[in-house]
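Some notes on the structure that comes next.
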Amino acid sequence: MLKAVIVFLMLAVLVSLFSGLFFLIKDGGKTHRVVNSLAVRVALSILLLAVILIALWQGALTLNPTP
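Going by the working numbering, the first residue of the sequence shown is number 1205, and it counts up by one from there.
Given below as structure tokens:
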């Protein structure tokens, strides 16, 4: 379940990235939709990082001990 949440958040970040690109091309940067897309992407990235760090702290995710 945790991995599904992480994958969903990563996909949401990618969707926000490409929607920002679409708004930049379509509007020419004249509206605030690009800025809103950036804000959503930053918020989703922070949430993703927090989920990963909390999962590592609680032991739900483990790091690979051998390279």
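Where is the CB? At the ideal position from N, CA and C, for every residue including glycine.
- Relative to Leu1251, the option among Gln1262, Thr1266, Leu1213 whose CA is nearest is Leu1213.
- In terms of Cβ geometry, Ile1210 and Ile1256 form a close pair [threshold 8 Å].
- Nearest neighbour of Ala1216 by Cα position, chosen from Ala1247, Phe1226, Ile1229, turns out to be Ala1247.
- In this structure Gly1233 is exposed. Its beta-carbon is surrounded by fewer than 16 other beta-carbon atoms within 10 angstroms.
- In the structure shown, Asn1268 falls within a coil segment according to DSSP collapsed to helix, strand and coil.
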